[in-house]
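For reference, each letter of the sequence shown is one residue, going 11 to 444 in my numbering.
Note that beta-carbon positions come from the ideal geometry of N, C-alpha and C, so glycine has one too.
In what follows, a structure is listed as structure tokens, so that the remarks can point back to it.
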Amino acid sequence: MSTATTTDTTVQSQSSDDLAAQCADVARRAKAASRVLGTLDTTLKDQWLIESADALVNATDKIVAANQLDLEHAPKYGLTDAQVDRLKLDRDRIDGIATGLREIAALKDPIGEVLDGFTRPGGMQIEKRRVPLGVVFFIYESRPNVTADAAGICVKSGNAVILRGGKEAMHSSRAIVDVMHEVAKSVGIPNDAVQLVGTTDRAAVGHFLKLSDSIDVTIPRGGENLIRRVAAEATMPVIKHYDGNCHVYVDESADIEMAVNIIENAKCQRMGVCNACESLLVHESIAKDALPAIAERLTGRGVEMRVDERAAAFIPDGVPATESDFGAEFLGPQISVAVVDSLEKAAEHINHYGSGHTDAIVTSQIAAADRFTALVDSSAVMVNASTRFNDGGMFGLGAEIGISTDKFHARGPCGLRELTSYKYIVRGNGHIRG
């Protein structure tokens, strides 16, 4: 087995032609590395993951020092306090990154799994076997832990990855990738299996999106404008979701205390994430009792209730909702509230205003739960559970590279299996077609 030992990927922005050529070279090397990765034994990939985890912990001081440079530059990028907090690395967070890599190592390797197999009447044997996608171009926000997660999940699933992180975390991401490269050299993983794009020039993204001959799939994780740009420009498939307008519907048979607890968790456990609840629907027959209890809990957590006319009768301190509020992803302390006549009307509202991400029903009736899950067209539909559970880790899938609201090729949390395809392997014994 040949192993590439290239230097770090640093795409430097010069002329447009030079930048395009450098991006093409990165993609070409990733494609070559992917062909090696697809043939590697699970034990070797797991060794790299485990040793990378140990090496990152051992390099904590170096990584924290690099992270400090990013934190010093944060004010000029206009980062909010929450964004700065997500950017910050310390010993505990680096331990968490290492734990994530070890968890990926513990997951079953999907590559080579036989999905189906059968023998034709003439004796020809046919297998449908899981294979890697190839090369993943991953564009993500400024969270340095995502750098290690994405590298780990891609390599474990046999894919090379081109990482295009935010400029705000560039020093941190570089330090993390450098450590993982050192381990790759020692165990026999191609360095080009994980490449970090060094330029902050946005034009580089456009160049990569044209390289469908080398890049098999693009996964953008960030703001809606970025994702729409990628979807519009990409010449290869894109796994994505635009936003997360997630709903909780309180059915007429719901246990009110359960509903209050679920809604509080779905809205307040973390407000700035894609699977947080942004919209609340309540059946008219339970609204009188449920809405005041829900409002008391949410307003106590600083959440502004934006209510329709019917909900306003039970939440007098609510703010009148506009039409746009019902389709909004607030990512903060606001929630839209509406009273509906029936479960069917709730599903109709969700399918009209929702984003197809995550929606939930609180009910004590199995028939209502079954009806709701059949009617609501989202990547995950929850019954008596918080929308916050739509997550690879919570589903037991291990690390995820994102959540998809598409229906092709993957839907919901994208873990190891979602980064694979399949091919048919046919074995004959001199068979020819008549």
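query: Outcome for N235 when other beta-carbon atoms lying within 10 angstroms are tallied against a minimum of 16; result: exposed
query: D126 - containing beta strand (DSSP E), residue span; result: V124 to T129
query: Any beta strand (DSSP E) of 3 or more consecutive residues that is wholly inside the stretch 242-307; result: 256-260 and 287-293
query: Exposure of G254, with buried meaning 16 or more beta-carbon neighbours within 10 Å; result: buried
query: Between the CA atoms of A92 and D299 - distance to the nearest angstrom; result: 35 Å
query: Euclidean distance between Cα positions of F399 and F405; result: 7 Å
query: Spatial neighbours of G342 in its chain, beta-carbon cut-off 8 Å, leaving aside the 5 residues before and after; result: M281 and G282
query: Residues bridged to K433 (per DSSP); result: R139
query: Nearest neighbour of C278, chosen from G176, N68, R311 and K72 [CA to CA]; result: R311
query: Sufficient close CB pairs (3 or more, under 8 Å) joining the stretch 125-142 to the stretch 430-441; result: yes
query: Ranges of the beta strand (DSSP E) found wholly within the stretch 373-436, counting only runs of at least 3; result: 390-393
query: Bridge partner(s) assigned by DSSP for A370; result: V258 and M392
query: Limits of the beta strand (DSSP E) - the one that S152 falls within; result: Neither: S152 is in no beta strand (DSSP E) and is coded neither H nor E.
query: Pairwise C-alpha distance: E288 and R96; result: 22 Å
query: Member of K355, G106, A338 and A108 whose CA lies at the smallest distance from the CA of S365; result: A338
query: Touch test, the stretch 214-230 against the stretch 31-49, Cβ-Cβ under 8 Å, three pairs minimum; result: yes
query: Rounded straight-line distance, which links the Cα of C284 to that of A297; result: 27 Å
query: Alpha-carbon spacing of S12 relative to I249, whole angstroms; result: Confidence at S12 is low in this model, with a pLDDT of 36, below 50, so the placement of that residue is unreliable and no value is reported for it.
query: Extent of the continuous alpha helix (DSSP H) to which M9 belongs; result: As displayed, the chain neither begins before 11 nor continues past 444, which places residue 9 out of reach and without an answer.
query: Best match in H419, D369 and V207 for proximity to L385 [C-alpha to C-alpha]; result: D369
query: Own chain residues within Cβ distance below 6 Å of Y252, not counting five before or after; result: E234 and I237
query: Cα-Cα separation between I73 and A31, rounded to whole angstroms; result: 31 Å
query: Whether M264 touches V391 by CB criterion (8 Å); result: The question names Met, yet the displayed sequence has Ala at residue 264. In this structure, V391 does not lie closer than 8 Å to A264 by Cβ.
query: Integer Cβ distance of R174 from V207, believed to fall under 8 Å; result: 5 Å
query: Start-to-end residues for the alpha helix (DSSP H) that takes in S346; result: Note, S346: premise wrong, no alpha helix (DSSP H); beta strand (DSSP E) at Q344 to V350.
query: For A173: DSSP bridge partner residues; result: The residue asked about is misnamed: residue 173 is Leu in this sequence, not Ala. Answer is F148 and L206, bridged to L173.
query: Burial state of I121, where buried means 16 or more other Cβ atoms lie within 10 Å; result: buried
query: Straight-line gap, A69 to E243 (C-alpha atoms, nearest Å); result: 38 Å
query: Three-way DSSP call (helix, strand, coil) for R184 in this model; result: helix
query: Within 8 Å, strictly: CB atoms of R316 and A331; result: yes
query: Rounded Cβ spacing between H83 and C256 (contact assumed at less than 8 Å); result: With 8 Å as the limit, H83 and C256 do not qualify as a contact, their Cβ atoms being about 33 Å apart.
query: Assigned exposure category for T129 - 16 Cβ within 10 Å defines buried; result: exposed
query: Limits of the alpha helix (DSSP H) - the one that E358 falls within; result: L353 to Y363
query: G127 classed as buried or exposed, judged by whether at least 16 other C-beta atoms fall within 10 angstroms; result: exposed
query: Nearest-angstrom Cα separation, counted from L47 out to D71; result: 31 Å
query: Minimum C-alpha distance to E262 - residue among F336, S334 and Q375; result: Q375
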